[in-house]
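See below for the structure under consideration.
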Amino acid sequence: MNEHIIKDENLVYKKPSTLLDVPMHYCPGCGHGTVHKVLMEVIEEMGIASETIGVAPVGCSVFAYNYMNVDMQQAPHGRACAFGTGIKRVMPDRYVFTYQGDGDLAAIGTGETIHAASRGENILTIFINNGIYGMTSGQMAPTTLPGMKSTTSPRGRDVETMGYPLVITNLLAQLPGVAYLTRHSVHKVANVRRLKKAIMKGFEYQKQGLGYCLIEVVTNCPSNMKMSALAANEFVEQHMLPYYPLGDIKTPEEK
Amino acid sequence: MTEEVIFAGFGGQGVLSMGQILAYAGMMEGKEVCWMPSYGPEMRGGTANCNVIVSDEPIVSPIISTYDTVVALNQPSLDKFESRIKPGGTLIYETSTVTNPPTRTDIKVIPISANETALELGNQKVFNMVVLGAFLAERKTISDEGLEKGLKQALPERHHKLIPLNMTAFAKGKEFVK
Amino acid sequence: MGEIRLMKGNEALAEAMIRVGCDAYFGYPITPQSEVLEYLSEQDPMSRTGMVILQAESEVAAINMVHGAAGCGKRVITTSSSPGISLMQEGISYMAAAEIPCVIANVIRGGPGLGTIQPSQSDYFQAVKGGGHGDYKLIVLAPSTVQEMVNHVKQGFELAEKYRTPVMLLADGAIGQMMEKVELFPQIPRKKDSELPQEWATTGRGDRKLRNFITSLNIQPEKMEEINLHLQEKYRTIEANEVQYEANNLEGAEYIFTGFGMGARICNKAAELGRAKGYKIGVIRPITLYPFPVAIYNDVASKVKGIFDVEMNAGQMVEDVKLAVSGKTRVEFYGRMGGMIPSPEEILENFEKIFIK
Chain L
1 MNEHIIKDEN LVYKKPSTLL DVPMHYCPGC GHGTVHKVLM EVIEEMGIAS
51 ETIGVAPVGC SVFAYNYMNV DMQQAPHGRA CAFGTGIKRV MPDRYVFTYQ
101 GDGDLAAIGT GETIHAASRG ENILTIFINN GIYGMTSGQM APTTLPGMKS
151 TTSPRGRDVE TMGYPLVITN LLAQLPGVAY LTRHSVHKVA NVRRLKKAIM
201 KGFEYQKQGL GYCLIEVVTN CPSNMKMSAL AANEFVEQHM LPYYPLGDIK
251 TPEEK
Chain P
1001 MTEEVIFAGF GGQGVLSMGQ ILAYAGMMEG KEVCWMPSYG PEMRGGTANC
1051 NVIVSDEPIV SPIISTYDTV VALNQPSLDK FESRIKPGGT LIYETSTVTN
1101 PPTRTDIKVI PISANETALE LGNQKVFNMV VLGAFLAERK TISDEGLEKG
1151 LKQALPERHH KLIPLNMTAF AKGKEFVK
Chain G
2001 MGEIRLMKGN EALAEAMIRV GCDAYFGYPI TPQSEVLEYL SEQDPMSRTG
2051 MVILQAESEV AAINMVHGAA GCGKRVITTS SSPGISLMQE GISYMAAAEI
2101 PCVIANVIRG GPGLGTIQPS QSDYFQAVKG GGHGDYKLIV LAPSTVQEMV
2151 NHVKQGFELA EKYRTPVMLL ADGAIGQMME KVELFPQIPR KKDSELPQEW
2201 ATTGRGDRKL RNFITSLNIQ PEKMEEINLH LQEKYRTIEA NEVQYEANNL
2251 EGAEYIFTGF GMGARICNKA AELGRAKGYK IGVIRPITLY PFPVAIYNDV
2301 ASKVKGIFDV EMNAGQMVED VKLAVSGKTR VEFYGRMGGM IPSPEEILEN
2351 FEKIFIK
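Printed below as a string of structure tokens:
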């Protein structure tokens, strides 16, 4: 090994100190790892790791507490926003975030999500939308695209019988309690940078007590899409993003 | 001394509140008390009733099925509870809402016209105090001073100006008992 | 002497929460316990002690708010009635597994299904046997008076925090709705943030190097079994140390009447009536339904002709009584269901039918 090159002046990339030094269980090419890293970078750079409490969901990111070195609780499926509400109400000076997938947030937890948003809870939700159930291996999600195949829509999602994808972030925009809604992706470096800025804004708005903030990240699931990482990212670009267009949906100025 | 009484009538006659005033009064006199309402849909326009137990001893069971006194303020209540009065007990009933008077002879029966009295006093809301007057004149469970203290506890502060009128109604009620 | 008041069971329960230094209450309205949240809303506990109250969108949300807030080491409580408690079971199982202290009060109404809003004791199994999934127990306290509604809130938090476990108060609609004289304990100050348990609670990392995390998930069965063994060991300790019951007239008794909560009070009256007729009747009332007072039943079993168990259900606690006496004496049951309450006379009459004639 060329250990002599390990010097500060040669450093081009560093894992944030807020990420624990353990291998992640996520599949190669999965967007979760990137979002975890970006979220932890923001928390490190804002210097709020000691005053942040996170909530992990049920889904692929159920083990988020294994990687993030901030105090965390793991909620029953769908209940992260209720946890976030409970935590923030008794610890109002802490930063509170929930990290949830599409099944957790937009299927089983729709009620908790909408009501936390409607009450204007001062919490930040990171919403990972990959259009499929990852952890249970590829079943249809509330966000699965029309015609998209999954193990429970093997001939493609038939909207006549299975209903339409739930574009929940846009739905939330009508609620006066909501301060900030924005949709991002992590399939390209530039998008990752934009996501990081958005997360930073989310925490800043929370500090100002502006209300509920949600950042949707449209991403992939190479294993369950049965694609290479690259092909899965192409699928995101070609099929997911037209249905879930990137950009701000609501900002505090419009609140 | 233990007094087990049920107040029964229509919702809106102040049945629950007359029981509460008695319970508050018992507490103010240092007695053991228990107030048990029937609750739920019955409260909305149907019949309503509450048991009150006032005792010098700790109250074992709040659930009772026979009574020292039944205060029946309408016909259905009289029909339902007349048979449940202990022999030698008391039945007080409101004449204006009862068409078939009680038939038992082993109890003391006291007809009252509290409705009329309340109307004469110009405030239907003191009906419950007229009834309580009749009740306490017969069953001397609580002193008049104790009752006034209980009334103060039971009434929200903003209604305290009505206490003199309530006590007048109470005194009028006592006149039904000879 | 503390402050004496005449209060409804539900209001006393709510007042006790404020006084015990609760940090938060999360709940959803349901008859016959809606007075709890109404009383709290009227009292505005935020202005009294800084206690948070929040009307959740459902019982499911409420119990998960409790988990989140109690997971921060705060004193948190919720209340509901039977159907609502059914909805909470998943969250309760999570809290038992993750060892989160909290108090849950069930003011039981008659079931099954939407049932009735009248009082019942038909949630005994659900409370005592672990109503949700997995092998867990709750400490279950059964108040029989409005005074005990108050006392058990305080005791409930003490036990919950001592053993890091959810505690359930199992009351019924009658105790919730009736008014009795209560003595209230003086205000206990809420815990300061510096007093929160840093060894497990998610308070924000503060000066700790490593995060605290709360989870009930362990994919490895070996690890999950270890956690189960730990929980079971805790339950054995609770069984050894926390049994509470009340007994009277056991000396020379030929029969034992038994019941819990409101049922026990009616039993006591029935026993009085029976003694007046010359029967030698003692009464046992479990105060902790879990841990169940096994020893006292086993003790009296060899000395009496029979145990008469009365409940406002189809016969639930009676199974534990039978287990406790292990066949040493005859155990018979009488119950009313669906919101019906047996009268003392009715109990005595049925006792005579079964045991005497």
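Chains as they are written, first to last, in this note's numbering: chain L, 1 to 255; chain P, 1001 to 1178; chain G, 2001 to 2357.
C-beta atoms are modelled at their ideal positions from N, C-alpha and C, and glycine is treated no differently.
The structure displayed is predicted, hence computed values, not measured ones.
Separation of residue 86/L from residue 2067/G, as counted between CA atoms: For the purposes of this step, residue 2067/G is taken as residue 67 along the third sequence, with counting starting at 1. For the purposes of this step, residue 86/L is taken as residue 86 along the first sequence, with counting starting at 1. Looking at the two C-alpha atoms, the distance is approximately 7 Å.
Test: residue 2227/G CB closer than 9 Å to a CB of chain C: Given the protein chain composition of this structure (L, P and G), no chain C is represented.
Test: residue 1001/P CB closer than 9 Å to a CB of chain G: The sequence position of residue 1001/P within the second sequence is 1, counting from 1. Closer than 9 Å: no.
Min CB distance residue 2243/G to chain L below 9 Å: Residue mapping note: residue 2243/G aligns to position 243 of the third sequence, counting from 1. Taking Cβ atoms only, chain L never reaches closer than 9 Å to residue 2243/G, which makes this a no.
Spatial neighbours of residue 256/L in its chain, beta-carbon cut-off 6 Å, leaving aside the 5 residues before and after: Nothing about residue 256/L can be reported from this structure: the residues present for chain L run from 1 to 255 only.
CB contact check: residue 1027/P to chain G, cutoff 9 Å: By one-based count along the second sequence, residue 1027/P stands at place 27. Output row for residue 1027/P: interface = yes.
Other residues of its chain near residue 2333/G: CB distance less than 6 Å, five sequence neighbours each side excluded: Reading the third sequence from its first residue, position 333 is the one you call residue 2333/G. Correct list, in chain order: 2309, 2315, 2318.
Residues of the stretch 2268 to 2280 of chain G with Cβ closer than 7 Å to any Cβ of chain P, in chain order: 2268, 2269, 2272
Length-filtered (4 minimum) alpha helix (DSSP H) runs lying within the stretch 2190 to 2244 of chain G: 2221 to 2241
From 1144/P, 1128/P, 1161/P, residue whose alpha carbon lies closest to that of residue 1012/P: Walking along the second sequence from the start, residue 1012/P turns up at place 12. Per the Cα distances, 1128/P.
Exposed unless 16 or more other CB atoms sit within 10 angstroms - verdict on residue 154/L: Taking the first residue of the first sequence as 1, we reach residue 154/L at position 154. Exposed, by the Cβ-count rule.
Contact between the stretch 2336 to 2351 of chain G and the stretch 2123 to 2140 of chain G (3+ Cβ pairs under 8 Å): They do not touch, by the three-pair rule.
With 16 other Cβ atoms within 10 Å as the buried cut-off, status of residue 1004/P: Stepping through the second sequence from its first residue, residue 1004/P is reached at position 4. Classification of residue 1004/P: buried, given that the 10 Å Cβ count is 16 or more.
Cutoff 9 Å: residue 1040/P Cβ touching any chain G Cβ: For the purposes of this step, residue 1040/P is taken as the residue at position 40 of the second sequence. Confidence in residue 1040/P is poor, its pLDDT being 48 and thus under 50, which makes the residue's placement unreliable; the coordinate value appears in the next sentence. Yes, because at least one Cβ of chain G sits closer than 9 Å to the Cβ of residue 1040/P.
For residue 106/L and residue 142/L, believed in contact at Cβ under 8 Å, the rounded distance: As a working mapping, residue 142/L is identified with position 142 in the first sequence. As a working mapping, residue 106/L is identified with position 106 in the first sequence. Rounded, the Cβ-Cβ distance is 4 Å, consistent with contact.
When 1014/P, 1075/P, 1113/P are compared against residue 1175/P, the one with the closest alpha-carbon: For this step, residue 1175/P is matched to residue 175 along the second sequence. Per the Cα distances, 1113/P.
Span separating the alpha-carbon of residue 1026/P from that of residue 1126/P: The residue given as residue 1026/P occupies position 26 in the second sequence. The residue given as residue 1126/P occupies position 126 in the second sequence. Whole-angstrom Cα-Cα distance: 20 Å.
Distance, residue 130/L Cα to residue 95/L Cα: Numbered from its first residue, the first sequence carries residue 95/L at position 95. Numbered from its first residue, the first sequence carries residue 130/L at position 130. Each residue's alpha carbon lies about 26 Å from the other.
Exposure label - residue 2241/G; buried when at least 16 CB within 10 Å: Working through the third sequence from its first residue, we reach residue 2241/G at position 241. Exposed.
Helix, strand or coil at residue 2185/G according to DSSP, with G and I counted as helix: Translated into the one-based positions of the third sequence, residue 2185/G becomes position 185. Three-state result, residue 2185/G: coil.
Local conformation of residue 34/L per DSSP, three classes: In the first sequence, residue 34/L corresponds to position 34, counting from 1. It is helical.
DSSP bridge partner residues for residue 2285/G (one or two, in chain order): Start at 1 with the first residue of the third sequence, and residue 2285/G comes out as number 285. Its beta-bridge partners are 2246/G.
Residue span of the alpha helix (DSSP H) that contains residue 2147/G, given as start and end: Position 147 of the third sequence, counted from the start, is the residue given in the question as residue 2147/G. Per DSSP, residue 2147/G belongs to the alpha helix (DSSP H) from 2146 to 2163.
For residue 2077/G, the first and last residue of its enclosing beta strand (DSSP E): By 1-based counting over the third sequence, the position of residue 2077/G is 77. Residues 2076 to 2080.
DSSP state of residue 167/L mapped onto helix, strand, coil: Position 167 of the first sequence, counted from the start, is the residue given in the question as residue 167/L. If DSSP states are grouped into helix, strand and coil, residue 167/L belongs with coil.
Three or more C-beta pairs below 8 Å linking the stretch 191 to 211 of chain L and the stretch 115 to 132 of chain L: yes
CB contact check: residue 2080/G to chain L, cutoff 9 Å: Within the third sequence, numbered from 1, the residue matching residue 2080/G stands at position 80. By this cut-off, residue 2080/G is not an interface position.
Residue span of the alpha helix (DSSP H) that contains residue 2268/G, given as start and end: Here residue 2268/G refers to the residue found at position 268 of the third sequence. Start and end: 2261 to 2276.
Residue 1020/P: first and last residue of the uninterrupted alpha helix (DSSP H) it sits in: What you label residue 1020/P is simply residue 20 of the second sequence in a count that begins at 1. Where residue 1020/P is concerned, the enclosing alpha helix (DSSP H) stretches over 1015 to 1028.
Nonlocal neighbours in the same chain, by C-beta distance under 8 Å from residue 2203/G, ignoring five residues either side: Residue numbering aside, residue 2203/G sits at position 203 when the third sequence is read from its first letter. Answer for residue 2203/G: 2072, 2073, 2193, 2196, 2212, listed in chain order.
For residue 2022/G, the three-state DSSP class (helix, strand or coil): As a first step, residue 2022/G is located in the third sequence; it is residue number 22 there, counting from the start. Three-state DSSP puts residue 2022/G in coil, outside helix and strand.
Where the beta strand (DSSP E) through residue 2104/G begins and ends: For this step, residue 2104/G is matched to residue 104 along the third sequence. Residue 2104/G -> beta strand (DSSP E) spans 2102 to 2108.
Residue closest to residue 1090/P, alpha-carbon to alpha-carbon, out of 1009/P, 1111/P, 1163/P: The residue you call residue 1090/P lines up with position 90 of the second sequence. Cα-wise, what sits closest to residue 1090/P is 1111/P.
Cα-Cα separation, residue 73/L to residue 2267/G: Taking the first residue of the first sequence as position 1, residue 73/L is located at position 73. Taking the first residue of the third sequence as position 1, residue 2267/G is located at position 267. Rounded to the nearest whole angstrom, the CA to CA distance from residue 73/L to residue 2267/G is 45 Å.
CB contact check: residue 1023/P to chain G, cutoff 9 Å: Against the second sequence, residue 1023/P aligns to sequence position 23. Closer than 9 Å to some Cβ of chain G, the Cβ of residue 1023/P qualifies, so yes.
For residue 141/L, the three-state DSSP class (helix, strand or coil): Here the question's residue 141/L lines up with position 141 in the first sequence. In this structure, residue 141/L counts as coil in the three-state DSSP scheme.
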